[in-house]
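Trainee: Okay, handing you the structure first.
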Amino acid sequence: LFQETELRLVKFLPEILALQRELVRRFQNTADVRHCSIKDFLKETPSAVMRDLLERRVHVFLSVWNKLRSSLDTNGEIKLPKGYCDADLTLDSKLEFLLPRRRGLGLCSTALASYLISLHNDFIHSVNKHINEDDRYLVSPSEVADLHLISYEVERDLIPLILSNCQYSMEKGGETLQDFDLERIQQQVVSKFLQGKPLITLTGMPTLIYRHDRNYEQLFNDVRSKLDQSALPSSVMNMISGELQSYSDVCDALSVTEITLGFLAMAGENAEMLLTDYIVNVLQMGDQTNPHVLQALRRCHLKHSIALWQLLSTRKSEQLLRLKRDPFVEVSTDYKAELSPEIAKLLNTFLVHTRLETFLQELHEMIVLKLRRVQAVDMFRPSWSLKDVLIPDLDVKDSDLATELQEMLPGEILLSHAAATWKAAALFKRERRE
Numbered sequence: 021l022f023q024e025t026e027l028r029l030v031k032f033l034p035e036i037l038a039l040q041r042e043l044v045r046r047f048q049n050t051a052d053v054r055h056c057s058i059k060d061f062l063k064e065t066p067s068a069v070m071r072d073l074l075e076r077r078v079h080v081f082l083s084v085w086n087k088l089r090s091s092l093d094t095n096g097e098i099k100l101p102k103g104y105c106d107a108d109l110t111l112d113s114k115l116e117f118l119l120p121r122r123r124g125l126g127l128c129s130t131a132l133a134s135y136l137i138s139l140h141n142d143f144i145h146s147v148n149k150h151i152n153e154d155d156r157y158l159v160s161p162s163e164v165a166d167l168h169l170i171s172y173e174v175e176r177d178l179i180p181l182i183l184s185n186c187q188y189s190m191e192k193g194g195e196t197l198q199d200f201d202l203e204r205i206q207q208q209v210v211s212k213f214l215q216g217k218p219l220i221t222l223t224g225m226p227t228l229i230y231r232h233d234r235n236y237e238q239l240f241n242d243v244r245s246k247l248d249q250s251a252l253p254s255s256v257m258n259m260i261s262g263e264l265q266s267y268s269d270v271c272d273a274l275s276v277t278e279i280t281l282g283f284l285a286m287a288g289e290n291a292e293m294l295l296t297d298y299i300v301n302v303l304q305m306g307d308q309t310n311p312h313v314l315q316a317l318r319r320c321h322l323k324h325s326i327a328l329w330q331l332l333s334t335r336k337s338e339q340l341l342r343l344k345r346d347p348f349v350e351v352s353t354d355y356k357a358e359l360s361p362e363i364a365k366l367l368n369t370f371l372v373h374t375r376l377e378t379f380l381q382e383l384h385e386m387i388v389l390k391l392r393r394v395q396a397v398d399m400f401r402p403s404w405s406l407k408d409v410l411i412p413d414l415d416v417k418d419s420d421l422a423t424e425l426q427e428m429l430p431g432e433i434l435l436s437h438a439a440a441t442w443k444a445a446a447l448f449k450r451e452r453r454e
């Protein structure tokens, strides 16, 4: 019974799931996180009818979140990062709180839907056990409707039911006694509000995946299984870097490369085909692609697709650093420890002698592919040596850099220093060129 006030909120699950589905439809596969307030997002919705519907669902979401945030912090199955549940959400809060994702602020939206589903399922499972029914009746989140859920109003539904099962008797002295038929009340509550309801599965929950949220390791494995991949020749790498100087050009090139990888992972193609021919003739994206970007990629073949992604994603982060922005916003602070003066000095000595460009790209790929995961800290301990995590990946690629790291990268540089090490290397490269 201590969860009864929370149980009343389960009836709002269809509205919350509908809001999540609409947001996924709008933002799925966009390149970057949308940074604006909830209020600003609602203002941008052109249709008045759609805006009213979204506003209603947003207010439901905010109300339910604000009532459950303490429970989500302490009892939720999805562990939210410290501080995410500290304050009420309002229309001035970031839109990201509403976007159902597997990381970042969007984890709040996923956790809220998951918590309501668990509340519903726990009660239904208890009822089924009590009346000796099994849990065979299941629906997915995409099918959930009002009729599937525990739904009642205390004043409208419960109080009349309780009063109809109450006998009054008069004691000597005029005192009125109430006698409640608790067994009958329980039977009626079960049959009226709980019996015959399905359990809700957690598979099929709305999930927003930005392109950079993809499981790139799996994507790259799928691409490699369809066509051979090779490193980019240094001359091509230098040409691309020279021609794509602005942040927007790098982002455009990375975007078209990621779209290409997605199609290659599914359908494959001749590895020797020119990338620009594939973009223009196969994907029919010539009109939508920046001509300057197509020109810069003219010497790339499809066999260079993964290497091109590695180069461009590194260049994008270098540009962000130049613009005084954090390239690793979604990486846990556990991997963002500062370098002590002593360790910084050791790193500098290493950077002077290593293949700087290769080191920059390989470390960047490891951070993006491995450390940006929601459960990264459980899988990759910040106290581990950085080279102990990097070297196995390089061995798989038969990279000569593995030997250099083994011999020269200081063991004092830990995984907790990963972001700071990459930033220091990027800065070292920039200063050396200037």
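Counted the way the working numbering counts, the sequence shown spans residues 21 to 454.
Every residue gets a Cβ at the ideal spot worked out from N, C-alpha and C, and that includes glycine.
1) So what does I220 bridge to, in DSSP terms?
2) Which two residues bound the contiguous alpha helix (DSSP H) that contains V80?
3) Taking D103 as the reference, which of C128, K87 and V243 has the closest Cα?
4) According to DSSP, H321 sits in a beta bridge with which residue or residues?
5) Since V30 contacts L169 with CB under 8 Å, what's their CB separation in whole angstroms?
6) Starting from D114, follow its DSSP beta bridges and name the residues at the other end.
7) Output the boundary residues of the alpha helix (DSSP H) element that contains H384.
8) Closer than 6 Å by C-beta to N310: which residues in its own chain qualify, once you throw out the five before and the five after it? Chain order, please.
9) From this set, E382, F448 and M399, which residue's C-alpha is nearest V416's C-alpha?
10) Do the CB positions of L295 and L264 come within less than 8 Å of each other?
11) From E432 to P66, what distance separates their C-alpha atoms?
12) Can the beta-carbon of W442 be found closer than 8 Å to that of I363?
13) Quick check on the DSSP output: what are the complete alpha helix (DSSP H) runs of length 4 or more inside the region 315–365, in order along the chain?
14) To which residues of the same chain is C320 closer than 6 Å at the C-beta, ignoring the five residues directly before and after it?
15) With DSSP as the reference, identify every bridge partner of L434, one or two as the case may be.
16) Rounded to whole angstroms, what is the Cα-Cα separation between N258 and I36?
17) F448 to R342, Cα distance in whole Å?
18) At the level of alpha carbons, what is the spacing between S138 and A68?
19) Which of the three DSSP states is assigned to G455 in this structure?
20) The alpha helix (DSSP H) spanning K246 covers which residue range?
21) Note the first and the last residue of the continuous alpha helix (DSSP H) segment covering D166.
22) Which of the three DSSP states is assigned to F400 in this structure?
23) CA-CA distance, R401 and Q40?
24) Could you pull out every residue in the same chain whose Cβ sits closer than 6 Å to the Cβ of W404, ignoring the five residues on either side in sequence?
25) Which word fits Y135, buried or exposed, when buried means at least 16 other C-beta atoms lie within 10 angstroms of its C-beta?
26) Do the CB positions of F370 and A439 come within less than 8 Å of each other?
27) Give the C-beta separation of N141 and L219 to the nearest angstrom, bearing in mind that I take them to be a contact with Cβ-Cβ under 8 Å.
28) Counting only the same chain and skipping the five closest in sequence on each side, list residues whose C-beta sits under 8 Å from that of L366.
29) Do you know offhand how far Q339's Cα is from Y267's?
30) Going by Cα to Cα distance, which pick from L222, D413 and L391 is closest to A133?
31) For the region 269–285 against the region 236–247, are there 3 or more C-beta pairs whose distance is under 8 Å?
32) Count the other C-beta atoms from every protein chain shown that fall within 10 angstroms of the C-beta of A107, then say buried if there are 16 or more, exposed otherwise.
33) Roughly how many whole angstroms lie between the Cα atoms of L202 and C186?
34) Just to confirm before moving on: does the CB-CB distance between M428 and T374 stay below 8 Å?
35) Grouping DSSP H, G and I as helix and E and B as strand, with all else coil, what is S129?
Mentor: Working from what's here:
1) V159
2) A68 to N95
3) Note that residue 103 is Gly in the sequence shown, not Asp. It is C128 whose Cα lies nearest to the Cα of G103.
4) L294
5) 5 Å
6) Looking at the sequence provided, one finds Lys at residue 114 rather than Asp. K114 is bridged to S57.
7) L376 to M386
8) D272
9) E382
10) no
11) 55 Å
12) no
13) 325–342
14) L295 and L328
15) S405
16) 49 Å
17) 12 Å
18) 35 Å
19) This structure leaves residue 455 out entirely; the chain is present only between 21 and 454.
20) Y236 to K246
21) That residue, D166, is in no alpha helix (DSSP H); it is neither H nor E in DSSP.
22) coil
23) 33 Å
24) L435
25) buried
26) no
27) 5 Å
28) P430, E432 and I433
29) 6 Å
30) L222
31) yes
32) exposed
33) 9 Å
34) yes
35) helix
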